[in-house]
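Trainee: Below is the structure I would like to discuss, written out as structure tokens.
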Amino acid sequence: MKEVTIKYKSDKTLEALRELGKYLNFSVSDHKVKKVAEKEADINGIPIIIGDPTVDIAELHEVFTGKGLSAEELRNNAWQRKK
Numbered sequence: 000m001k002e003v004t005i006k007y008k009s010d011k012t013l014e015a016l017r018e019l020g021k022y023l024n025f026s027v028s029d030h031k032v033k034k035v036a037e038k039e040a041d042i043n044g045i046p047i048i049i050g051d052p053t054v055d056i057a058e059l060h061e062v063f064t065g066k067g068l069s070a071e072e073l074r075n076n077a078w079q080r081k082k
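End of the sequence shown sits at 82 in numbering that gives the first Met the number 0; the numbers just go up one at a time, nothing left out.
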């Protein structure tokens, strides 16, 4: 779908564009509104659920800070399946 950006000064102009869009079959969206991200994606047939970016993880900062853990250590030690 093609997109165009229109700059306007008046809110009346926005309302006019929305009304015109109903008749000419185009949509008007606000660039300030964040686009809704996909809730789920597939990688090689495996469903990947996208996380919520609004979650506050500040409390986890103290848990992992200063522990000297690397991503490689976590993968090798904590994520291994037991046979």
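No residue lacks a Cβ here, since even glycine has one placed at the ideal position from N, Cα and C.
Can you give the beta carbon distance from Ile47 to Glu39, rounded, assuming they're within the 8 Å contact cut?
Mentor: Ile47 to Glu39, Cβ: 7 Å. Contact.
Trainee: Please report how far the alpha carbon of Val27 lies from the alpha carbon of Gly20, in whole angstroms.
Mentor: Val27 and Gly20: Cα-Cα distance of roughly 7 Å.
Trainee: For Glu71 and Asp29, what's the separation of their Cα atoms in angstroms?
Mentor: Distance between the alpha carbons of Glu71 and Asp29 is about 42 Å.
Trainee: In the DSSP assignment, find the unbroken alpha helix (DSSP H) run with Asp10 in it and report its ends.
Mentor: Unbroken alpha helix (DSSP H) run through Asp10: Asp10 to Leu23.
Trainee: Residue range of the beta strand (DSSP E) that Glu39 falls in?
Mentor: Glu39 to Ile42 is the extent of the beta strand (DSSP E) around Glu39.
Trainee: At which residues does the alpha helix (DSSP H) containing Leu59 begin and terminate?
Mentor: Unbroken alpha helix (DSSP H) run through Leu59: Leu59 to Phe63.
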